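Have a look at the structure below before the remarks.
Residue numbers (full-length UniProt numbering): 1 to 333.
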């Protein structure tokens with residue numbers, strides 16, 4: 001039988017075999033369907049997880065992108081601010097550089113001025129300067145001594161020479177070293193300052209206006225320095241009565257009195273205060289009781305003296321507004 005069964009054709013399989021095979025196939029099919037359904041469920045689950053993960057990732061990326069955009073905007077603003085600060089710093093540096101260059105230029109100019117002042121000081125310390133001052137003093141004293149007898153005409157070479165000589169001295173004493181040289185050369189200032197102050201009341205002619213203005217300018221320049229004030233103080237201390245007499249006899253010389261007030265007001269000594277008090281009293285008497293213009297015995301012709309208020313010789317660089325409270329006590333004396 002076995003040989004018969006082995007040689008039998010598959011077409012002659014029994015129904016039982018076929019049913020068995022169908023059941024086996026059905027079982028496999030069901031198993032495959034279950035696996036397929038499970039696989040589909042797994043795929044759907046995995047797809048959902050992937051979608052959720054992708055959505056979360058996309059949301060995270062979007063947030064990161066927004067944060068990066070905000071950071072980029074902030075960085076751009078900071079960059080703009082830094083650029084503005086850089087521009088401002090560059091401008092400040094340029095200004096500082098220009099200022100430094102200007103300072104350097106000023107320092108160079110100051111160095112030049114200092115060297116010139118040093119050279120001027122050396123020149124003033126030389127004997128030639130003192131010789132010039134002695135020559136000027138001698139010439140001026142000789143001229144002043146001849147004034148009561150004959151006063152040069154306006155525009156004469158003699159008057160021009162004397163005015164020019166005094167102008168040189170006036171320019172010389174504008175610096176401290178020049179003032180010191182003048183005051184140290186003429187001890188007590190009696191050789192130089194005294195004679196020209198005593199001669200001022202006689203120089204009120206029209207021809208002497210420029211000379212008088214130059215003298216007053218010289219005294220004014222001297223009054224800027226302590227040495228010059230001390231020298232004038234020494235003269236005023238020893239010649240206060242002469243000065244007062246000159247003021248009383250020459251009440252029309254407003255330019256002289258006002259200029260002397262300007263010079264004397266630079267000190268606060270009792271002698272200076274008495275002199276200022278005397279001059280203010282003279283001015284008050286002039287303005288309250290005007291007198292007739294005094295005619296000079298040295299003047300050529302019969303023309304009247306210049307008006308005290310319009311005297312062409314007045315040359316003031318500092319004004320005065322009447323006596324201050326510090327001189328009230330002296331005025332009473």
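Each residue gets a CB set at the ideal place from its N, CA and C atoms; glycine is no exception. It should be emphasised that the depicted structure is a prediction, and the values quoted were computed from it without experimental measurement.
Secondary structure note for residue 161: its alpha helix (DSSP H) is the uninterrupted segment 157-172. Between residue 182 and residue 172, the gap from beta carbon to beta carbon is short of 8 angstroms. In this structure, the beta-carbon distance from residue 136 to residue 95 does not fall below 8 angstroms. Under the three-state reduction of DSSP, residue 225 is assigned to coil, being neither helix nor strand. At least 8 angstroms separates the beta-carbon of residue 85 from that of residue 120. Listed in chain order, the non-local C-beta contacts of residue 179 below 7 angstroms within the same chain comprise 173, 222, 225, 227 and 228, local neighbours out to five positions each way being set aside. Taking the C-beta atoms as reference points, residue 143 is found nearer than 8 angstroms to residue 162.
Around the beta-carbon of residue 210, 16 or more other beta-carbon atoms lie within 10 Å, marking it buried. Taking a 10 Å sphere around the C-beta of residue 214, we find 16 or more other C-beta atoms and assign the residue as buried. Assignment of residue 82 by DSSP, reduced to helix, strand and coil, places it in the helix class.
Separation of residue 184 and residue 100 (C-alpha to C-alpha, rounded to the nearest whole angstrom) is 42 angstroms.
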